[in-house]
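Let me begin by presenting the structure, written as structure tokens, before commenting on it.
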Amino acid sequence: MLYRRPQWSARAGECAAHLCATLPSHYVHNISCYGDDGPHMCCCNPDAGVAFIFRLFEELRGMENGIKESQVGLGKNCAHTVLPSAMVSEKGNKNDKGVLNSLMSGALAGAVAKTAVAPLDRTKIIFQVSSNRFSAKEAYRLIYRTYLNEGFLSLWRGNSATMVRVIPYAAIQFCAHEQYKKLLGSYYGYQGAALTPIPRLLAGALAGTTAAMVTYPLDLVRARMAVTPKEMYSNIFEVFIRMSKEEGLKSLYRGFNPTILGVIPYAGISFFTYETLKKLHAEHSGRTQPYPFERLLFGACAGILGQSASYPLDVVRRRMQTAGVTGHTYSTILGTMKEVVSEEGLIRGLYKGLSMNWVKGPVAVGISFTTFDLTQILLKKLQRVSDVQR
1 MLYRRPQWSA RAGECAAHLC ATLPSHYVHN ISCYGDDGPH MCCCNPDAGV AFIFRLFEEL
61 RGMENGIKES QVGLGKNCAH TVLPSAMVSE KGNKNDKGVL NSLMSGALAG AVAKTAVAPL
121 DRTKIIFQVS SNRFSAKEAY RLIYRTYLNE GFLSLWRGNS ATMVRVIPYA AIQFCAHEQY
181 KKLLGSYYGY QGAALTPIPR LLAGALAGTT AAMVTYPLDL VRARMAVTPK EMYSNIFEVF
241 IRMSKEEGLK SLYRGFNPTI LGVIPYAGIS FFTYETLKKL HAEHSGRTQP YPFERLLFGA
301 CAGILGQSAS YPLDVVRRRM QTAGVTGHTY STILGTMKEV VSEEGLIRGL YKGLSMNWVK
361 GPVAVGISFT TFDLTQILLK KLQRVSDVQR
């Protein structure tokens, strides 16, 4: 759109009024104002016009769709004040860098957390998919026997498959959580402020669901490798190939429904608890950034609550994922639950290994949240230094 007006310096207020009437509220495209000497970027001195235009650009700066080109000229006898010429590109670059930082931080957080607790995770899965009674003593014996028979590194068997899954899973989950927070904040009118409880819970649940949908086959492969001897599968690719040939492609999503049903409360409660504890900490301590050990503690609390709420569905998921190698024929969520309860009891069956998860889970979730936050802070500082040096 092109607006040509003579004698701009004397009519800045009229120009401002005309802009107000003609600019769309959410999108401005290729707006150019011309003075007598052609297009240029300036603001004139008349207070009303200049004040309006500055307010206008400040509001447009924050809009999601923004301005692709913004050139406002108000005459050649003006006091020229240059406006930002690449507001949108700068904002787009900032958003892109924010997404990239979230992906990198999430990937590192997931890798560090899962590697730290991999031996306990493998032990928990073995008990989950068997009918043997769980106890701390039996868990210790299993770990010790595995160490004696297969060596120390065997305690991390399946961890390579875990990394293949958890790195994209954690990257997607943390990045999606940041994006869902912005989206819900904008939708509910809390943009730039802390979300209220319901949107906070919803952001976590949506983030976990998004990540689970993308990476589920990798989780299934990890479970298969964890419960089988090393002679059965040599690597994760063999698991994929043999499962596809012997059990069909659908087998790669066996147990998906209980996974999603478990992820919704787990991710929702975990992110909700962690974000809520950080918010309460900031309100009572006056510090916007908790210390690392405080982040670990907040993450541990989030892990305990999230895993306790979703654990029975986690057991069902593992039973269905490993049905092809354990001799069972689990096919539905309710059918699996009924069979587990009838054979092993409610608590011993559906909550088998939960006490180990109360050790493993808080450690893993605490490390994960803390690593993500600290990596985000570091990357943002490095980015600011890089921007200053330019």
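Numbering (full-length UniProt numbering), first residue to last: 1 to 390. Heads up, the beta-carbon is just placed ideally off N, CA and C, and yes, glycines get one too.
For residue i, the first and last residue of its enclosing alpha helix (DSSP H)
{"i": "F134", "result": "Note, F134: premise wrong, no alpha helix (DSSP H); not H, not E."}
{"i": "M232", "result": "Unbroken run through M232: none, as it is neither H nor E."}
{"i": "T322", "result": "Here T322 belongs to no alpha helix (DSSP H), and DSSP marks it neither H nor E."}
{"i": "residue 439", "result": "There is simply no residue 439 to check, as the chain begins at 1 and stops at 390 in what is shown."}
{"i": "R222", "result": "P197 to V227"}
{"i": "G349", "result": "L346 to L350"}
{"i": "G286", "result": "Taken as a continuous stretch (DSSP letters only), G286 belongs to no alpha helix (DSSP H), as it is neither H nor E."}
{"i": "K380", "result": "L354 to Q389"}
With 16 other Cβ atoms within 10 Å as the buried cut-off, status of residue i
{"i": "D96", "result": "exposed"}
{"i": "L153", "result": "exposed"}
{"i": "E275", "result": "buried"}
{"i": "N233", "result": "Before going further, note that residue 233 is Tyr rather than Asn in the sequence given. Buried, by the Cβ-count rule."}
{"i": "Y266", "result": "buried"}
{"i": "R145", "result": "exposed"}
{"i": "K360", "result": "buried"}
{"i": "L100", "result": "exposed"}
{"i": "residue 464", "result": "Outside the displayed span of the chain (1 to 390) sits residue 464, for which this structure offers no information."}
{"i": "G255", "result": "buried"}
{"i": "I241", "result": "exposed"}
{"i": "E138", "result": "exposed"}
{"i": "N77", "result": "For N77, the predicted structure reports a pLDDT of 43, less than 50, and the residue's modelled location is therefore unreliable. A value from the coordinates is still provided. Answer is exposed; the Cβ neighbour count stays below 16."}
{"i": "P312", "result": "buried"}
{"i": "G248", "result": "exposed"}
{"i": "E389", "result": "Checking the sequence shown, residue 389 turns out to be Gln, not Glu. Q389 is exposed by the Cβ-count criterion."}
{"i": "V385", "result": "exposed"}
Residues near residue i in its chain [Cβ-Cβ closer than 7 Å; skip 5 each side]
{"i": "D373", "result": "R295"}
{"i": "V129", "result": "V227, R318, R319, T322 and T326"}
{"i": "M243", "result": "S251 and L252"}
{"i": "P362", "result": "A300, G303 and I304"}
{"i": "C125", "result": "It is worth fixing the name first, because residue 125 is Ile in this sequence and not Cys. Once the five neighbours on either side are set aside, the close Cβ partners of I125 are A223, A226, V227 and R318."}
{"i": "P292", "result": "T370 and L374"}
{"i": "Q383", "result": "K97"}
{"i": "W358", "result": "I304"}
{"i": "G262", "result": "S310, L313, D314 and R317"}
{"i": "G158", "result": "R122, R222, M225 and A226"}
Cβ-based neighbour list, residue i, same chain, cut-off 6 Å, excluding 5 preceding and 5 following
{"i": "L218", "result": "V164 and R165"}
{"i": "A113", "result": "A364, I367 and S368"}
{"i": "N149", "result": "none"}
{"i": "A161", "result": "V221, R222, M225 and I236"}
Close Cβ partners of residue i (< 8 Å) along its chain, the five nearest in sequence each way excluded
{"i": "T273", "result": "F298, C301, A302, L305 and G306"}
{"i": "H188", "result": "Looking at the sequence shown, residue 188 is not His but Tyr. The residues are L195, T196 and P199."}
{"i": "L202", "result": "Y180, L184 and G268"}
{"i": "V214", "result": "P168, Y169 and I172"}
{"i": "A111", "result": "M163, V166, I167 and A170"}
{"i": "W156", "result": "T115, A118, P119 and R122"}
{"i": "E343", "result": "S131 and G349"}
{"i": "A107", "result": "I167, P168, A170 and A171"}
Short CB-CB distance (under 8 Å) between residue i and chain D
{"i": "Q173", "result": "In the structure shown, chain D cannot be found, because there is only a single protein chain."}
Quiz prompt | Contact the segment 224-243 vs the segment 166-182: 3+ CB pairs below 8 Å | solution = Judged by Cβ distances under 8 Å, the segment 224-243 makes no contact with the segment 166-182, as fewer than three pairs qualify.
Exercise. Decide yes or no for the touch test of the segment 286-294 against the segment 229-237: beta carbon pairs closer than 8 Å, at least 3 of them.
Key: Not touching, per the Cβ criterion.
Quiz item: So, do the segment 121-135 and the segment 329-349 have three or more beta carbon pairs nearer to each other than 8 Å?
Solution: Cβ pair count under 8 Å is three or more, so yes.
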